[in-house]
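Heads up, the thing below is written out as C-alpha cells.
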C-alpha cells in the first residue's frame, strides 16, 4: 500500500533526533507493578524502566496536520513522561528508504520501531524480526493476509488504527449525513485512489454505498450495489466515475496529488460545478477547495485530523464536517511497544500480535470542533494522559482491548475522570 505523499516528497536520509528524557524526568519511578485497568487486574512482573529505551519512528509524511499532531504528542508529551528517546526518520519516499532508515535505527541501538510509513509493511516486519528489534504499526492495519502471516512473529508487536471496515463506515457515515438532509449532488475528492491506497478506496466506497442505499430501488454504481462490488469496481478503475446513482448524482471527481497548475485548475473547476451541493473528500478537502467555494452554499466534508487550520476553515464555512484522528490515539501502541522492550509483551488470548481498530472523532459544528481540538492539541492534558496509559503497562489483553475500543471523545473523557 503506497502512502499519499509518495508522489510529493523528496529522497531523504534519517536525521533528526529528538533527545529522550532521562530518568530524572520520569517522576523518579523505575518500576511498575500490577494495576487495575478497566475493571480487570493482572499480576505481571515488575517493569524496570530505569534504562532509557531508544525507539525509531518511521514517517513518510512530516508536514501534514495529522503528521504534525502525532509528532507533537510523541515528542512533547510521551517522550517527557517516559524514559524513552524517540528518533525520527525524515520523510521517506519509497520502500528502499524504509529499509535504509531501519538499518540506521538498528545501528543506533534502537530497541523498537514504530512505523507511520507503509510502502512495504511486510519488508519492514521481516527486517525487524531478523534483527531482533520490535516493530509496531502506529495508525493503520495490516491486510488480513498479512496479519495471518506475521501475527506469530516474536518481534511484531501489532497495529492499532482504523481498520478498512472502519474506513468504509467513515465514508458511508459522511455521505449519509448529507443524504439525510436531502442533498443529491456530490463531488468526490479521491486523494490517493489512483495510487491504490486502500484506506482512500474504502472511504470512497463507503460514500458511494450510502448513495446507492439512498438512490432508490434501482440505484447502483456501474452495476455494483454492495460493499464488495463497489470496492472491486474502484480497484479495477483506479478512479471514481461521475454519473447518476438512482436519483443521487456524482457530478465531479478529482483524484491524485499532482499539485501542479493543471491539477489545481481541475480542483477549482470541480468546486464550481453547476448544482454541486457537497464535496466529499477522502482526505483533506478545505485546503484544496475552500477558496473556490467561498460565497457559495457548497459544503466540504473531510477525513483528516484536528488542526487549527481546520478550525479556521470550519469557522469560515469552508469546512462543514470533519472525521478526524485524534493525536493521542497513538498512545496505546507506544505502550504496547514499550512493554515488549521491557519484557512484558501484550498479546492476544491466542498469543498473537495486536490487531485493534480505532475510529475517528466527528465534528459537524465549530463548537464541536473547538471542544475536541482543545483536548487534542494539549501537551499538558491530552486525550490519553500518562495516568491513563500507565494502567496499560500491566493490563491484560481484554482490558487493553477494551481501553482501545472506547475511543469516542465522550468515552475517553469519562475514562479520564
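Residue numbers (the numbering used here): 6 to 422. All C-beta atoms, glycine included, are put in the ideal place defined by N, C-alpha and C. Just so it is clear, the structure is predicted and the values come from calculations on it, not from any experiment.
For the region 269-303, the full-length beta strand (DSSP E) segments reaching 3 residues or more read 283-286 along the chain.
Comparing alpha-carbon positions, the option among 365, 228, 383 and 402 lying closest to residue 416 turns out to be 365. Looking at the DSSP output, residue 380 shares a beta bridge with no other residue. In the three-state reduction of the DSSP assignment, residue 181 falls in the helix class, which pools H, G and I. 362 is the residue among 258, 92, 362 and 409 whose C-alpha sits nearest the C-alpha of residue 145. Going by DSSP, residue 108 is part of the alpha helix (DSSP H) stretching over 100-112.
Per DSSP, the continuous alpha helix (DSSP H) segment holding residue 391 begins and ends at 391-395.
Remark: C-beta atoms of residue 344 and residue 63 do not approach each other more closely than 9 Å. Taking C-alpha positions only, residue 385 is separated from residue 287 by approximately 31 Å. Between residue 121 and residue 138, the CB-CB gap reaches or exceeds 9 Å. The beta-carbon separation of residue 251 and residue 228, rounded to 13 Å, does not stay under the 8 Å limit for a contact. Counting only runs that start and end inside the region 112-157, the beta strand (DSSP E) elements of at least 3 residues fall at 117-120 and 139-142. The region 317-337 makes no contact with the region 193-204, as fewer than three CB pairs between them are under 8 Å. Listed in chain order, the non-local C-beta contacts of residue 236 below 6 Å within the same chain comprise 210, local neighbours out to five positions each way being set aside. For residue 168, the three-state secondary structure derived from DSSP is coil. When secondary structure is reduced to three states using DSSP, residue 51 falls in the coil class, being assigned neither helix nor strand. Remark: C-beta atoms of residue 115 and residue 188 do not approach each other more closely than 9 Å.
Following the DSSP letters along the chain, one finds residue 414 in no beta strand (DSSP E) but inside the alpha helix (DSSP H) bounded by residues 414-421. Residue state for residue 212 is assigned as helix, using DSSP reduced to three classes. Residues of the same chain with a CB within less than 6 Å of the CB of residue 336, apart from the 5 flanking positions on each side, are 389 and 394 in chain order.
The distance from the Cβ of residue 216 to that of residue 267 is about 28 Å, inconsistent with a contact at the 8 Å cut-off.
In the DSSP assignment, residue 188 forms no beta bridge with any residue. When DSSP states are grouped into helix, strand and coil, residue 194 belongs to the strand group. In this structure, residue 312 and residue 298 do not form a Cβ contact; the two beta carbons are roughly 19 Å apart against a cut-off of 8 Å.
DSSP places residue 232 within a helical segment (H, G or I) once states are collapsed to three. In the structure shown, residue 370 adopts coil according to DSSP, grouped into three states. For residue 356, the three-state secondary structure derived from DSSP is coil.
Distance from the CA of residue 94 to the CA of residue 230, rounded to the nearest whole angstrom, comes to 43 Å. The region 249-263 makes no contact with the region 154-167, as fewer than three CB pairs between them are under 8 Å.
Listed as beta-bridge partners of residue 60 by DSSP are 91 and 117. Comparing alpha-carbon positions, the option among 131, 170, 285 and 264 lying closest to residue 154 turns out to be 131. In this structure residue 283 touches residue 303 by the C-beta definition: roughly 7 Å separates them, less than 8 Å.
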